[in-house]
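When you line the sequence shown up against the UniProt record's numbering, it's residues 1 to 107, in that order.
Shown next, in structure tokens, is the structure this report addresses.
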Amino acid sequence: MINVDMETKRGGAMKEQQRLLQEIALMLEHQDMLSKLTESQCLDEYGYSETHCIDNIGRLELPNVTKIAEQMQMTRGAISKMTKKLLAKGLIEKYTLETNKKKYILN
Numbered sequence: 001m002i003n004v005d006m007e008t009k010r011g012g013a014m015k016e017q018q019r020l021l022q023e024i025a026l027m028l029e030h031q032d033m034l035s036k037l038t039e040s041q042c043l044d045e046y047g048y049s050e051t052h053c054i055d056n057i058g059r060l061e062l063p064n065v066t067k068i069a070e071q072m073q074m075t076r077g078a079i080s081k082m083t084k085k086l087l088a089k090g091l092i093e094k095y096t097l098e099t100n101k102k103k104y105i106l107n
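Set out below in structure tokens:
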């Protein structure tokens, strides 16, 4: 009985370790992409947060301030301020859904 419990715990720990390694690999991949873009000087006037925000808008389904804030682990206020700057620069667009006129979606 003890051996079975230990194997179960080991299996769970290994899955968690594998998940963490995948998260680190994904983070390093994103960091590498940002570094390459920064080196190309096409994003010189934009910070990492703005670039990351644009990336999340492209990846999320029906992105809004709340979803982006959750994804980036930032406050909704910070994301709102950042998206206003990006809207002013013409880098993203804002629209409402036909089914919910109050909800703004970013694109």
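Beta carbons are placed, not taken as given, at the ideal position from N, Cα and C, and that holds for glycine.
All of these numbers come straight from a predicted model, not from anything done at the bench.
If you pair each beta-carbon of the segment 44-61 with each one of the segment 77-89, do three or more pairs fall below 8 Å? yes
Compute the beta-carbon to beta-carbon distance between L62 and Q71, rounded to the nearest angstrom, for a pair I have assumed lies under 8 Å. Not quite, the Cβ-Cβ distance comes to about 13 Å (not below 8 Å), so this is no contact.
Does DSSP classify L106 as helix, strand or coil? strand
Thinking C-beta only, is V65 closer than 9 Å to L106? yes
By how many angstroms is the C-alpha of R76 removed from the C-alpha of K94? 16 Å
Three-state class that DSSP yields for T66 in the structure shown: helix
With which residues is Y46 paired in a DSSP beta bridge? Answer is none; Y46 lacks a bridge partner.
How about D55: is its C-beta nearer than 9 Å to some C-beta of chain B? Note that chain B does not occur in the displayed structure, where there is just one protein chain.
Can you tell me whether T83 is buried or exposed? The criterion is at least 16 other CB atoms within 10 Å of its CB, across all chains shown. Burial call: buried.
How about A69 and I54: do their beta carbons lie closer than 9 Å? no
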